[in-house]
Amino acid sequence: MMKTMKRLRGAGSGLISRTFWLVLFTIGMQWPAMAQDDTGISLKWDKEFGCQVANSDDPGHIKYEELIASGNCLKVCQNSTVTYSLYSTDQTTWTTAVWTVSGGTAVVSPDTFSCTITWGTAGDGSVSAIVGTFTGQQSIPTLCTSVMPAPIAVFVINSNDPATDLTVCVDTELNFTNLSTAPGGTEIVSYLWDFGDGVSSSLPDPVHAYTAAGTYTVTMRAINACHCESIYSSEVKVTGDPVSIRCAGVVCEGDRVTYGLATRLRCLINVGHWSSTGGSVPIVPEDPPLDALSYQVIWDNVPDTGFGEVRFSSTDCITDCPSVTSVRIPVIKEHINIQGETSACRNQQYRYTLPQWPSTDFQWSMTTETGAVLIQTDQRNEVIIETAGTGKIFLNATYQNTLLNCGGVAYTLEINVKKPLTIFGDRVVCPGLHNYQIENGAMAFWTVTNPDGTTHLTTGTSFLTPPFTAGYLFDMPGTYTILATTFTNCNTAAIKVQVKALPDTPNILDFHGKRVVCPGVPETFTFENTVPGTILGWKVANGINSAGSPVPGGSFNGSNYGETVTINLNPNLAGLYHIQVWREYASNPHCQSELLDITISRPPSNLHIVSDNGFPEPLTVCPSSYSNFTVYRIGESTPYADGEVYTWSLEDP
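Going left to right, the sequence shown walks through residues 6 to 658 as my numbering numbers them.
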């Protein structure tokens, strides 16, 4: 199939929300002696997700493109909700549909013609349907999905414990510290804040003050490069007039700064009203504070966030709003660590950042022989590296604050670019032993999580279920999660495997056919299939002849699949015949039920003709007279009536 690619300019709306159509044909389906034409039925869905790709034709300039490429699987986001519906391309009318979903939670519409799926954890998923029409059942091939990881959104306000309520004063500046992460997914590229008072922000770490008392819910959406999102909320109670801290501005590392209150307060003495993070308090102040409500900090222990914090507690003061007031202090460090991945996959994009200090110029550089490209974004404190081949990348940065004329040099970040890890094996299987491997059969650390939550750990070129050596025993219907990790690859590979339950074994009550058959003569047998989406398979068990040698039980005239088959039983087989019937799924994987064994016998050979005098011996009769003859089994007194056609002949002696 030819791949096509759609690029939508702009970095605005993250979700590509349209109606997409998948027309499904059953071409090249491999199962014995069965064929399907174009079903005339397709699936449509209301959402598809694309990944934001940085593209730089001009060094130092970035433009964003949303990329949706056709591939084997449809991209969806973890925790996203997508509705899939049936659609007819040739006016085919359906009566019902049975949906099968792996990797998500499905809600089927009352008429069963659509299915709304909330996709679960990242990995592989699938959706398919068995559609009932007025002409029978049609199986729509499985549509596979790639469930992309969503970020984990979280933030704190003024370093407050997220689990406790925060009470602040009116007009108090609140520092929102973003702690969101992107485990296993693409980097977070945007944030949307709603402070609950009609004000919003798109900054990573905004500052906001409420102008009226009340209770507000702050909501932050973290969105990654593939437009998968996570939402986190926290409540803020706002009361009274504030206590504000003065002299809160950008400083250089090592500066000694004195902070005070914008208004005078009456507070208890010898109480620790002040505290800070990222600095130390001098034993002997260089310039003695003006009063006990001033505070001096040496900014000498700032974390790699590039921000310190000063706090004042007015809980022991006379004020309308006793609370803890805090301000975030930008501190230009002399040396700092660049934030970003140190283990990267080839042909991928990664974002690297330094603190978003105000009035600061950043200069980035990179040394590598891998062919990687350095892309400058519209934020001076961050860059994107587009990797190419494997090897090492050395990323450097210098920075200078244009207001204070202090700056520094970031520590060189070494990035190892490795080959991505892929797990090879089927995603939808039948119960039994199955083998999964990684590229070139390399050694890996494997973790398999069963549908009931139990896990199995192993190390090797593939994972096994002792004592089996041919693979892992998938003996429980449901969804399995397989993880593989190596020392030589850049990622942990993860797939989901759906193990289908076996179809129901055929019921002997649905069999229609003779149980006594003459061998060597084609005979038709019929079995009613009562399970939509399945087909029936037939075979004749082998046996032995009169000499004890193995012989086939019979042969089929035409296909051995279907509700009706024609079988020619082998007359050389001694004893009873065993026709075996099973049910299997009409689409991949063709899981087979247990066998139903149907015993077939041949007409008896110990028959004789008895005259109306009750004796089988030759009779002496008079000319132009009548005699009655009846067929009996030897030793029985009841006439043999199991024959279908009786052919009589009279030989002239």
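Quick reminder that beta carbons are idealized off the backbone N, C-alpha and C, glycines included. As the structure is a computational prediction, the values presented were derived from the model and not from experiment.
**Report entry** Residues of its chain near residue 460, where Cβ-Cβ distance is below 7 Å and the 5 sequence neighbours each way are ignored
**Finding:** Locating residue 460 in the sequence shown gives position 455, counting from the first residue. Within the same chain, residue 460 has close Cβ partners 452, 453 and 454.
Query raised in the report: In terms of residue numbering, what span does the beta strand (DSSP E) encompassing residue 465 cover?
Result: Locating residue 465 in the sequence shown gives position 460, counting from the first residue. Taken as a continuous stretch (DSSP letters only), the beta strand (DSSP E) holding residue 465 covers 460 to 465.
Query raised in the report: Can you tell me whether DSSP reads residue 660 as helix, strand or coil?
Result: Residue 660 lies beyond the stretch modelled for the chain, which goes from 6 to 658, so this question has no answer here.
Query - Limits of the beta strand (DSSP E) - the one that residue 237 falls within - result: Numbered from 1 along the sequence shown, position 232 holds the residue referred to as residue 237. Per DSSP, residue 237 belongs to the beta strand (DSSP E) from 234 to 244.
Requested in this report: With residue 288 as the anchor, note down where its beta strand (DSSP E) starts and where it stops.
Outcome: Working through the sequence shown from its first residue, we reach residue 288 at position 283. Taken as a continuous stretch (DSSP letters only), residue 288 belongs to no beta strand (DSSP E), as it is neither H nor E.
**Report entry** Inter-residue spacing [alpha-carbon to alpha-carbon] between residue 652 and residue 563
**Finding:** As a working note, residue 652 is residue 647 in the sequence shown. As a working note, residue 563 is residue 558 in the sequence shown. Answer to the nearest angstrom: the Cα atoms are 30 Å apart.
Report task. Using DSSP bridges, identify the partner residues of residue 340. Result -> Within the sequence shown, the letter at position 335 stands for residue 340. Paired residues: 414.
Query raised in the report: DSSP three-state call for residue 401: helix, strand or coil?
Result: For this step, residue 401 is matched to residue 396 along the sequence shown. Residue state, collapsed to three classes: strand.
Report task. Evaluate contact between the region 189 to 201 and the region 107 to 118, counting only Cβ atoms and requiring at least three cross-stretch pairs below 8 Å. Result -> The region 107 to 118 and the region 189 to 201 do not touch, with fewer than three beta-carbon pairs separated by less than 8 Å.
**Report entry** Assumed close pair residue 365, residue 337 - CB separation to whole angstroms, cut-off 8 Å
**Finding:** As a working mapping, residue 365 is identified with position 360 in the sequence shown. As a working mapping, residue 337 is identified with position 332 in the sequence shown. Sure, about 7 Å apart at Cβ, within 8 Å.
Query raised in the report: Which residues in the same chain have their Cβ closer than 6 Å to the Cβ of residue 156, if we skip the five residues on either side of it in sequence?
Result: Your numbering for residue 156 matches position 151 in the sequence shown. Annotation for residue 156: 185, 187, 193, 227, 229 and 235 place their beta carbon closer than 6 Å to its own, counting only its chain and skipping 5 residues before and after.
Query raised in the report: For residue 506 versus residue 499, is the C-beta distance shorter than 9 Å?
Result: Taking the sequence shown and counting its residues from 1, the one referred to as residue 506 is at position 501. Taking the sequence shown and counting its residues from 1, the one referred to as residue 499 is at position 494. Cβ distance not < 9 Å, so residue 506 and residue 499 don't count as in contact.
Query raised in the report: Can you tell me whether DSSP reads residue 638 as helix, strand or coil?
Result: Walking along the sequence shown from the start, residue 638 turns up at place 633. Strand, per DSSP.
**Report entry** Separation of residue 486 from residue 225, as counted between CA atoms
**Finding:** As a working note, residue 225 is residue 220 in the sequence shown. As a working note, residue 486 is residue 481 in the sequence shown. So the alpha carbons of these two residues sit roughly 30 Å apart.
Query raised in the report: So what does residue 644 bridge to, in DSSP terms?
Result: For this step, residue 644 is matched to residue 639 along the sequence shown. DSSP output for residue 644 lists 637 as bridge partner(s).
Query - Helix, strand or coil at residue 445 according to DSSP, with G and I counted as helix - result: Numbered from its first residue, the sequence shown carries residue 445 at position 440. For residue 445, the secondary structure class from DSSP, reduced to helix, strand or coil, is helix.
Requested in this report: Could you tell me the distance, in whole angstroms, from the CA atom of residue 609 to the CA atom of residue 599?
Outcome: Residue 609 sits at position 604 when you count from the first residue of the sequence shown. Residue 599 sits at position 594 when you count from the first residue of the sequence shown. Computed Cα separation, rounded: 31 Å.
Query - residue 514, DSSP secondary structure in three states - result: Looking up residue 514 in the sequence shown gives position 509. Residue 514: helix per DSSP, three-state reduction.
**Report entry** Cβ shell of residue 374 (< 7 Å), same chain only, five flanking positions each side left out
**Finding:** Within the sequence shown, numbered from 1, the residue matching residue 374 stands at position 369. Same-chain partners within the cutoff: 396.
Query raised in the report: Nearest-angstrom Cα distance between residue 197 and residue 482?
Result: Position 192 of the sequence shown, counted from the start, is the residue given in the question as residue 197. Position 477 of the sequence shown, counted from the start, is the residue given in the question as residue 482. Distance between residue 197 and residue 482, taken at the CA atoms: about 41 Å.
Query raised in the report: Span of the beta strand (DSSP E) holding residue 81?
Result: The sequence position of residue 81 within the sequence shown is 76, counting from 1. From DSSP, the beta strand (DSSP E) with residue 81 extends over 79 to 82.
Query raised in the report: Any idea what DSSP makes of residue 608, helix, strand or coil?
Result: Walking along the sequence shown from the start, residue 608 turns up at place 603. Secondary structure at residue 608: coil, using DSSP grouped into helix, strand and coil.
Report task. Apply the 10 Å Cβ neighbour rule to residue 655 and answer buried if 16 or more other Cβ atoms are within range, or exposed otherwise. Result -> Here the question's residue 655 lines up with position 650 in the sequence shown. Here residue 655 is exposed: its Cβ has fewer than 16 other Cβ atoms, across all protein chains shown, within 10 Å.
Query raised in the report: Smallest Cα separation from residue 604: which of 627, 588, 574 and 450?
Result: Counting from one through the sequence shown, the residue named residue 604 turns up at place 599. It is 574.
Query raised in the report: Going along the chain, which unbroken runs of the beta strand (DSSP E) with 3 or more residues stay wholly within the region 97 to 148?
Result: If only uninterrupted beta strand (DSSP E) runs of at least 3 residues are considered, those enclosed by the region 97 to 148 are 99 to 107, 109 to 113, 119 to 124 and 128 to 138.
Report task. Kindly indicate the opening and closing residues of the beta strand (DSSP E) around residue 586. Result -> Working through the sequence shown from its first residue, we reach residue 586 at position 581. Segment 582 to 590, the beta strand (DSSP E) holding residue 586.
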